[in-house]
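In the working numbering, the protein residues as written are 1234 to 1533.
Glycine is no exception: its CB is placed at the ideal position from the N, C-alpha and C atoms.
Written out as structure tokens, the structure is:
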């Protein structure tokens, strides 16, 4: 299929490769997602840029970023590819709908979840993807009861025997940071200690995994936090921090243009995020989903 405009032809495959690179923010990851070689993807995008007479990406050492022209094409290309996928799936007349049931740890930023789910659904229109938010403990229950096929969760340092999850794939590791409003009086400090936080209003994320570690740390150092707000909703916690209501301790990947993050010298713990799954009749779909997830740009 070709889309013809003003004397040039845009092939559907060019648009697919363009979207793969744009969504993964990398020509290498984009090529892996699209099952082509990196030189083939680069050549396709170069040809598309030549036909359109505009640059679609700016390139740096770490990733690629859409130009204003690229963002314009991204909106159009997304709709074109979506419609083609719908037409393809409607004509196939599958009798059986595929399904993946995904559990997601509720301390993972929604932006990263959406970056994975939205393009996967677009490329797999016949797939029913169910997503369950859960705590680490709830995730174990969902798995044991057979309600999820795969979990995007905290990976244990030493997996216990007898767990339903027998396979894993790490995605990224991160530390915990002190988050505060950009205008906060502590924002200029390169790092902070517990004693720096004692008199500051503190927003406690009641569902976060660091709480027990932090309690033990405060007990051993004889310090106390001035807890002024307790919530189990991360978007609410970040909004409170942005507005200067208090400071919070958050996973490193949490981000906002209105906050700054600083390391806490006494808290050296890190966490590993990745997929866990067990033996399943749905193994083919699980494998496909995990392979696709490896093309997404996760926190460094």
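With a threshold of 16 other CB atoms inside 10 Å of the CB of residue 1484, please say whether the residue is buried or exposed. buried
Since residue 1387 and residue 1497 should fall inside the 8 Å C-beta cutoff, what is the C-beta to C-beta distance between them, to a whole number of angstroms? About 19 Å; that fails the 8 Å criterion.
Cα-Cα separation between residue 1525 and residue 1269, rounded to whole angstroms: 14 Å
DSSP beta-bridge partners for residue 1337? Residue 1337 is bridged to 1366 and 1385.
What does the alpha-carbon distance come out to for the pair residue 1468 and residue 1376? Cα to Cα, the separation comes out at about 26 Å.
From residue 1482 to residue 1430, what does the alpha carbon distance come to, in whole angstroms? 11 Å
Counting only the same chain and skipping the five closest in sequence on each side, list residues whose C-beta sits under 8 Å from that of residue 1295. 1533
State the CB to CB distance for the pair residue 1461 and residue 1434, rounded to an integer number of angstroms; the pair is presumed to be in contact (CB under 8 Å). About 4 Å separates the two Cβ atoms, so the contact holds.
What's the C-alpha gap between residue 1444 and residue 1344? CA-to-CA, the gap between residue 1444 and residue 1344 works out to about 23 Å.
Can you list, in chain order, the residues of its chain whose CB lies under 6 Å from that of residue 1333, leaving out five sequence neighbours each side? 1362, 1382, 1518 and 1522
For the alpha helix (DSSP H) that contains residue 1402, what are its first and last residues? That residue, residue 1402, is in no alpha helix (DSSP H); its beta strand (DSSP E) goes 1400–1414.
Given a threshold of 16 other Cβ atoms within 10 Å of its Cβ, counted over all protein chains shown, does residue 1418 qualify as buried or as exposed? exposed
Is there contact here, the region 1504–1517 with the region 1447–1461, by at least three beta-carbon pairs under 8 Å? no
Residue 1438 versus residue 1456 - alpha carbon distance: 18 Å
In angstroms with no decimal places, state the Cα-to-Cα distance between residue 1340 and residue 1275. 36 Å
Pair within 7 Å by beta-carbon distance, residue 1505 and residue 1406: yes
Local Cβ density within 10 Å of residue 1416, reported as buried at 16 or more and exposed below that: exposed
Other residues of its chain near residue 1315: CB distance less than 7 Å, five sequence neighbours each side excluded: 1355
Does DSSP put residue 1297 in a helix, a strand or coil? Note: residue 1297 maps to strand in three-state DSSP.
Please report the distance separating the alpha-carbon of residue 1260 from that of residue 1249. 13 Å
Distance, Cα to Cα, residue 1488 vs residue 1336? 22 Å
From what residue to what residue does the alpha helix (DSSP H) around residue 1257 run? 1245–1257
Straight-line CA distance for residue 1267 to residue 1452? Approximately 52 Å, taken between the alpha carbons.
May I ask you to list the residues that DSSP assigns as paired with residue 1508? Answer is 1385 and 1402.
Simplified DSSP state of residue 1481, which is helix, strand or coil: strand
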